[in-house]
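A.B. asks:
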Amino acid sequence: MTGRNNNCLSTRSQEWTHGSDTPRDAMDLLERGREQAALTSLLTALGGRRAGIVTLTGRPGHAQNALLRWAARRARDGGLSVLHAQAAPAERDVRYGVIAQLMTSPTGQAECGPAGGSLRELMEHRHPDPLPGLDATLHSAQEMPTLVAIEDTQWLDPASLRWLHALVRRLTPDTPVAVLASGSGVSAKGRDWLGLLPTSPVPAKQLVLRGLTENAVATVVETVCGTPGDQRFTATVAAATEGNPAVLRDVLGQFTDQGHEPVAARLPELRTITAAVVGDHATRALHGLPAEAVALLRALAVCGELLSFPLVRALAGLRPVRGQELHVMLEAAGLTVSGGTKTQVRHPTVKARVLEDMATGERAQLYSRAAELAHRAWANDEDVAQILLRTPPLGAPWVVSTLRDSFAAALRTEDHGRAAAYLSRALREPLEPRERARLTLELAAAEAMSAPLAGDRRLGELVRAGSGAPEGLRARAVDLGLARGDSDWARRAAAEALCDVRPGERDSLIALFWLADESRDDTEPMVPEVPALPERPSSPAQSGARAWRLAVRGEDLETTRKLARAALTGDGSGTPLVLPRLAACRALILTDDHEEAHAELDALLTAARHGHNRAATARILTLRAELSLRAGRFDAVERDVETAERALPMSSRHPLIAPSLTALRIVTAVEAGRQGYARSLAAAPTRPGAEESVAWSALLFARARVAAVDGRWTEAMELAKESGRRLLRRQWSNPALLYWRPQAAAACYALGDREEAERLSQEELRLSRRWGSASAVGLAELWTARMPGADGRPVVRAREAVRVLRDSPARLSYAWALVRLASCELEDGDSRAAALSLSQLSTFTTACPQGRLATAVRGLTERLERPAGPVPPALPREWTTLSEAEQRTATFAGRGHGNREIAELLSVSRRTVELRLSNTYRKLRITGREELCVLVRNMGERPSDAS
97 MTGRNNNCLS TRSQEWTHGS DTPRDAMDLL ERGREQAALT SLLTALGGRR
147 AGIVTLTGRP GHAQNALLRW AARRARDGGL SVLHAQAAPA ERDVRYGVIA
197 QLMTSPTGQA ECGPAGGSLR ELMEHRHPDP LPGLDATLHS AQEMPTLVAI
247 EDTQWLDPAS LRWLHALVRR LTPDTPVAVL ASGSGVSAKG RDWLGLLPTS
297 PVPAKQLVLR GLTENAVATV VETVCGTPGD QRFTATVAAA TEGNPAVLRD
347 VLGQFTDQGH EPVAARLPEL RTITAAVVGD HATRALHGLP AEAVALLRAL
397 AVCGELLSFP LVRALAGLRP VRGQELHVML EAAGLTVSGG TKTQVRHPTV
447 KARVLEDMAT GERAQLYSRA AELAHRAWAN DEDVAQILLR TPPLGAPWVV
497 STLRDSFAAA LRTEDHGRAA AYLSRALREP LEPRERARLT LELAAAEAMS
547 APLAGDRRLG ELVRAGSGAP EGLRARAVDL GLARGDSDWA RRAAAEALCD
597 VRPGERDSLI ALFWLADESR DDTEPMVPEV PALPERPSSP AQSGARAWRL
647 AVRGEDLETT RKLARAALTG DGSGTPLVLP RLAACRALIL TDDHEEAHAE
697 LDALLTAARH GHNRAATARI LTLRAELSLR AGRFDAVERD VETAERALPM
747 SSRHPLIAPS LTALRIVTAV EAGRQGYARS LAAAPTRPGA EESVAWSALL
797 FARARVAAVD GRWTEAMELA KESGRRLLRR QWSNPALLYW RPQAAAACYA
847 LGDREEAERL SQEELRLSRR WGSASAVGLA ELWTARMPGA DGRPVVRARE
897 AVRVLRDSPA RLSYAWALVR LASCELEDGD SRAAALSLSQ LSTFTTACPQ
947 GRLATAVRGL TERLERPAGP VPPALPREWT TLSEAEQRTA TFAGRGHGNR
997 EIAELLSVSR RTVELRLSNT YRKLRITGRE ELCVLVRNMG ERPSDAS
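Written as structure tokens, this is what we have:
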């Protein structure tokens, strides 16, 4: 007799079969030889009319039911009677649901139950027999030994469980009945189905099924995928599925259905599928859990990783004994895992599922109680803050301090999104107005990295708060917005705030307005009228703004220096603004007070980092890198540029300031000899709106430098002049800002336009002398010395440039002046003086041996070391790579002819001449016309040069 009811209230597994083993059975039964032997012994004993009890247990999916069905088929094939049933979560409240299955006829029809009662009476509490059918079952077994096989005993209804307990108690060793049960985990009482019974005289075994070994997994991989998997693939799938046969089968089935091969190259796809399948299997285990188990699982999902299990149990509202029973149950079912004093939910999918099923208010209350419990338990602040993110406002004094400390910790680990989330949550608490405003400003600063637009909106709200805002806060908000580069917003915000500002904040807002006005190439946005900066400011902020205005116009160096120092000294009241102080530092750089500027930048950087002001930090580091570039410290430039990029990535920078960092990278790469990198940076696209900023002039100048080194002189000239036009349009005429005139003059000279080259050089010299800083005057003298048409011998100009730059902080310019002087001295035949000049450059060449400066020094040193005497000059090997047309064009250019003249001599266009010279510079590995003149002169006259 075999009984199984497929018309029960729950959905039954359709895998039960009485036929022979299938390929799937073979996979399920891999490495189950020990268990099969034990079941065979059970059936053999039953065939000999001896009783026995075996329980198959393990985590869900470990083939307990497959083994039970295998034994049932063997029993049937051996002529034994088999009563089979399967418990289900949906029928835990159905009285005698499993027993009804056992008593059902083979046809599946619900005929009369035992003792004459109907099946419906049995299940509806109307059957008079407290143990229906038990006597009949024992009596029937006397005629034919009977195997009672029950799947998933963890879901037995109480009435069926009592029936089975009664059956076991009545068994004697000679009773021809065997009980075979399978289950995943244990019952809600924390014990298996036999745990409450006294020791039985009938032999009983519990077989715990483990996961498959890697060898068995390899067999399953080959069976499902149709081909052996490589060793790495097999090891990965074994670890990911923990050898669970059901999970492994589903994972490999989906993996194969998607057309993948079991090779290491497909591990990303395997991991994705495995995560989904493991989550699905774990979620299925949730069905039918007792309400108390679900409550415990939810508490574990919220803070199991944070608190010890006794605290989590208390959070779930469970008593110790009951909590321990459920703890055992959840772990045996594979839903949780324990380590030390803590217990965690095993799978993220289960954690999400148990919390999603809660009502919103109920879930919020759970998190609130968890946060308070974690705080009282002295849990880590960041862990408590993570829980607080999901709670409603608590109103407790410890909440805001915990969130602020966690905010600072998140910033230290560069987790800007989480840092912003902590402060956003803190702002939901009841706060005093001043504290709320301070937190809002800190949050806006943090959002400059993670959500710049949201940060801008928050700053706007602070500025529009009117006179009700704490004093100084609105100016700090405008200062922060301007630090991120949005000068349009800063101008409007400062102007509008002036309408109802407190007297103590008025001067700061006026200063910020004019600093913003200086930051944009076009001041189109209409704003209310704002008072002009006074010539003799009394506030530090206005002193900084006024100093910068004088500096960019190249007017009154001494007054600029005094105002900048006054801005940095401050008046000791309140938190100083960043941008006015930064403007003062920039002014000091132009006045050649580099050490003072560097010290102030360091102090400003410390304050910005302490205040978590990422935008200001990036601006300060960028300016400090520019200062290091002027000193020729390329390693320091690289460090500060990289740190500035981390502080505020290009994606978070406002388009109006983004070009400044790119320009600095380009110029540094050119000087360091990394022309390919500089070329790629110069050609990279820029963000929309960047060309409207003053910083765009710096980028144009940097591109001109790249074009000049490549010998693209027309492009270099146009870029340099456009850079200058943009500066002059704003009356930024100080040559110490950008040396665009010398760059344009060099391009004009290379193109043969000596008159324009001379005009630009003299204009640079005149403006530099008007400004008066040593670095500006010395560099102008240096560039003038490069013009053959300049008054006096070139060596005299070069010596003057070296003399002026020697005591200036512009060490890179000083080094290039020495290179120029050594070149002029060699051309004049004064080898001893040239050697002395070159000897002073060892520090620079050692610091950057691959840079342009070091390359130029090596070239001059080779010329200096050539043997004296009438040795005919050797023809450079690179010269032979030039075409005949290029050789003729290069010879004319090296003899001093301009491009227009060469074009007429060779009967070609000026554009053709430019292209030939560009190819010549590239092939000869020289930087321009000046080196070409030296090369042609050293080669001597050759009949074929210009024939």
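The sequence shown begins at 97 in my numbering and counts up by one.
Where is the CB? At the ideal position from N, CA and C, for every residue including glycine.
Mind checking which residues open and close the alpha helix (DSSP H) that includes Ser864?
C.D. replies: The sequence position of residue 864 within the sequence shown is 768, counting from 1. Start and end: 850 to 867.
A.B. asks: Hey, out of Ala765, Leu576, Leu701, whose CA is closest to Arg729's CA?
C.D. replies: On the sequence shown, position 633 is the one that residue 729 refers to. That would be Ala765, whose Cα lies nearest to the Cα of Arg729.
A.B. asks: Taking a contact to mean a Cβ-Cβ separation below 9 Å, would you say Val298 touches Leu267 in this structure?
C.D. replies: Working through the sequence shown from its first residue, we reach residue 298 at position 202. Working through the sequence shown from its first residue, we reach residue 267 at position 171. Yes, they are a contact pair.
A.B. asks: Considering Ala300, what are the terminal residues of the beta strand (DSSP E) in which it resides?
C.D. replies: Numbered from its first residue, the sequence shown carries residue 300 at position 204. Residues 300 to 304.
A.B. asks: Is Arg572 closer than 9 Å to Thr671 when the C-beta atoms are compared?
C.D. replies: For the purposes of this step, residue 671 is identified with residue 575 of the sequence shown, where counting begins at 1. For the purposes of this step, residue 572 is identified with residue 476 of the sequence shown, where counting begins at 1. Closer than 9 Å, so yes.
A.B. asks: With distances taken between CB atoms, is the gap from Gly307 to Pro358 smaller than 9 Å?
C.D. replies: As a position in the sequence shown, residue 307 is number 211, starting the count at 1. As a position in the sequence shown, residue 358 is number 262, starting the count at 1. No. Outside cutoff.
A.B. asks: On a Cα-Cα basis, can you pick out the residue from Phe797, Ser776, Met746, Val733 that is closest to Ala759?
C.D. replies: On the sequence shown, residue 759 is found 663 positions in, with the first residue counted as 1. Among Phe797, Ser776, Met746, Val733, the Cα nearest to that of Ala759 is on Phe797.
A.B. asks: Buried or exposed: which applies to Asn476, given that a residue is buried once 16 or more other Cβ atoms fall within 10 Å of its Cβ?
C.D. replies: Translated into positions along the sequence shown, residue 476 becomes position 380. Exposed, because fewer than 16 other Cβ atoms sit within 10 Å of the Cβ of Asn476.
A.B. asks: Buried or exposed, going by whether 16 or more other CB atoms sit within 10 Å of the CB of Ala1045?
C.D. replies: Past the edges of the chain, shown from 97 to 1043, lies residue 1045, and the structure says nothing about it.
A.B. asks: For Met545, count neighbouring C-beta atoms within 10 Å of its own C-beta (all shown protein chains included) and say buried if the count is 16 or more, exposed if not.
C.D. replies: Counting from one through the sequence shown, the residue named residue 545 turns up at place 449. Under this definition Met545 is a buried residue.
A.B. asks: Closer than 8 Å by C-beta to Pro241: which residues in its own chain qualify, once you throw out the five before and the five after it? Chain order, please.
C.D. replies: As a first step, residue 241 is located in the sequence shown; it is residue number 145 there, counting from the start. Taken in chain order, the residues that qualify are Leu142, Gly143, Arg145, Leu176, Ser177, Pro272, Val273, Ala274.
A.B. asks: Between Ser604 and Leu646, which are expected to be in contact by the criterion C-beta below 8 Å, what is the C-beta distance as a whole number of angstroms?
C.D. replies: As a first step, residue 604 is located in the sequence shown; it is residue number 508 there, counting from the start. As a first step, residue 646 is located in the sequence shown; it is residue number 550 there, counting from the start. Between Leu646 and Ser604 the Cβ distance is about 19 Å, and since that is not below 8 Å, they are no contact.
A.B. asks: With 16 other CB atoms within 10 Å as the buried threshold, where does Cys681 fall?
C.D. replies: To locate residue 681, count along the sequence shown from 1; it is residue 585. By the 10 Å Cβ count, Cys681 comes out buried.
A.B. asks: Please tell me whether Ala277 and Thr379 are closer than 9 Å, where the distance is taken between their beta carbons.
C.D. replies: Numbered from its first residue, the sequence shown carries residue 277 at position 181. Numbered from its first residue, the sequence shown carries residue 379 at position 283. No, the Cβ-Cβ distance between Ala277 and Thr379 is not below 9 Å.
A.B. asks: Which residue spans inside the segment 438 to 508 form an unbroken alpha helix (DSSP H) run of at least 4?
C.D. replies: Runs of the alpha helix (DSSP H) inside the segment 438 to 508: 444 to 452, 456 to 472, 477 to 484, 493 to 508.
A.B. asks: Could you work out which residue in Val802, Asp736, Glu388 is closest to Leu701 when comparing CA atoms only?
C.D. replies: Stepping through the sequence shown from its first residue, residue 701 is reached at position 605. Checked all of Val802, Asp736, Glu388; the closest Cα to Leu701 is Asp736.
A.B. asks: Output yes or no for whether 9 Å exceeds the beta carbon distance between Ile753 and Arg801.
C.D. replies: Locating residue 753 in the sequence shown gives position 657, counting from the first residue. Locating residue 801 in the sequence shown gives position 705, counting from the first residue. The answer is no: Cβ separation not under 9 Å.
A.B. asks: According to DSSP, is Thr149 helix, strand or coil?
C.D. replies: Here the question's residue 149 lines up with position 53 in the sequence shown. Correcting the residue type first, residue 149 is Ile in the shown sequence and not Thr. Of the three classes helix, strand and coil, the one that applies to Ile149 here is strand, per DSSP.
A.B. asks: When burial is assigned at 16 or more other CB atoms within 10 Å of the CB, is Gly129 buried or exposed?
C.D. replies: As a first step, residue 129 is located in the sequence shown; it is residue number 33 there, counting from the start. By the 10 Å Cβ count, Gly129 comes out exposed.
A.B. asks: Exposed or buried, Trp828, counting other C-beta atoms within 10 Å across all chains shown (16 or more means buried)?
C.D. replies: Start at 1 with the first residue of the sequence shown, and residue 828 comes out as number 732. By the neighbour-count rule (16 or more Cβ atoms within 10 Å), Trp828 is buried.
A.B. asks: Taking buried to mean at least 16 other C-beta atoms within 10 Å of its own C-beta, is Ser1005 buried or exposed?
C.D. replies: The sequence position of residue 1005 within the sequence shown is 909, counting from 1. It counts as exposed.
A.B. asks: Between which residues of its own chain and Ser634 is the CB-CB distance below 8 Å, once the five residues before and five after are set aside?
C.D. replies: Against the sequence shown, residue 634 aligns to sequence position 538. Asp603.
A.B. asks: My output table needs one value for Ala277: the three-state DSSP class, helix, strand or coil.
C.D. replies: Position 181 of the sequence shown, counted from the first residue, corresponds to residue 277. Note: Ala277 maps to strand in three-state DSSP.
A.B. asks: For Leu1028, count the other beta carbons within 10 Å of its own beta carbon; 16 or more makes it buried, fewer makes it exposed. Which is it?
C.D. replies: Here the question's residue 1028 lines up with position 932 in the sequence shown. By the neighbour-count rule (16 or more Cβ atoms within 10 Å), Leu1028 is buried.
A.B. asks: Write down the C-beta distance between Gly349 and Val313 rounded to the nearest angstrom, noting that I regard them as a contact closer than 8 Å.
C.D. replies: If you number the sequence shown from 1, residue 349 lands on position 253. If you number the sequence shown from 1, residue 313 lands on position 217. 14 Å between Cβ atoms; not a contact.
A.B. asks: Do you know whose CA, among Ala711, Leu757, Leu403, lies nearest Val733's CA?
C.D. replies: The count along the sequence shown starts at 1 and reaches residue 733 at position 637. Nearest C-alpha to Val733: Leu757.
A.B. asks: Express the C-alpha separation of Gln839 and Gly885 in angstroms, rounding to a whole number.
C.D. replies: Mapped onto the sequence shown, residue 885 falls at position 789. Mapped onto the sequence shown, residue 839 falls at position 743. Its pLDDT being 48, under 50, Gly885 is placed unreliably in this model, and the coordinates cannot settle the point.
A.B. asks: Threshold first: 3 residues or longer. Then list the beta strand (DSSP E) segments lying entirely within the segment 589 to 648, N to C.
C.D. replies: The segment 589 to 648 contains no whole beta strand (DSSP E) run of 3 or more residues.
A.B. asks: May I ask which residues mark the beginning and end of the alpha helix (DSSP H) holding Gln160?
C.D. replies: As a first step, residue 160 is located in the sequence shown; it is residue number 64 there, counting from the start. Start and end: 160 to 173.
A.B. asks: So, for Leu392: in the same chain, excluding its five sequence neighbours on each side, which residues have a beta-carbon less than 8 Å away from its beta-carbon?
C.D. replies: The count along the sequence shown starts at 1 and reaches residue 392 at position 296. Excluding positions up to five away in sequence, the list reads Val408, Arg409, Ala412, Leu414, Gly419, Leu422, His423, Leu426.
A.B. asks: With distance defined between alpha-carbon atoms, name the residue in Asp173, Leu230, Leu179, Glu247 nearest to Gln160.
C.D. replies: Taking the sequence shown and counting its residues from 1, one reaches residue 160 at position 64. Comparing Cα positions, the closest option is Glu247.
A.B. asks: According to DSSP, simplified to helix, strand and coil, what is Gln350?
C.D. replies: As a first step, residue 350 must be located in the sequence shown, where it is residue number 254. Note: Gln350 maps to helix in three-state DSSP.
A.B. asks: Considering only C-alpha positions, which residue in the set Leu537, Arg954, Gly154 is nearest to Ser935?
C.D. replies: In the sequence shown, the residue the question calls residue 935 occupies position 839. Considering only alpha carbons, the answer is Arg954.
A.B. asks: May I ask you to verify whether the segment 923 to 943 touches the segment 997 to 1012, counting CB pairs closer than 8 Å and requiring at least 3?
C.D. replies: No, they do not touch.
A.B. asks: Using the DSSP secondary-structure output, state which residues sit across from Gln182 in a beta bridge.
C.D. replies: Counting from 1 along the sequence shown, the entry for residue 182 is found at position 86. DSSP output for Gln182 lists Glu247 as bridge partner(s).
A.B. asks: What residues match up with Gly154 in a beta bridge as DSSP calls it?
C.D. replies: The count along the sequence shown starts at 1 and reaches residue 154 at position 58. Looking at the DSSP assignment, Gly154 forms a beta bridge with Ser280.
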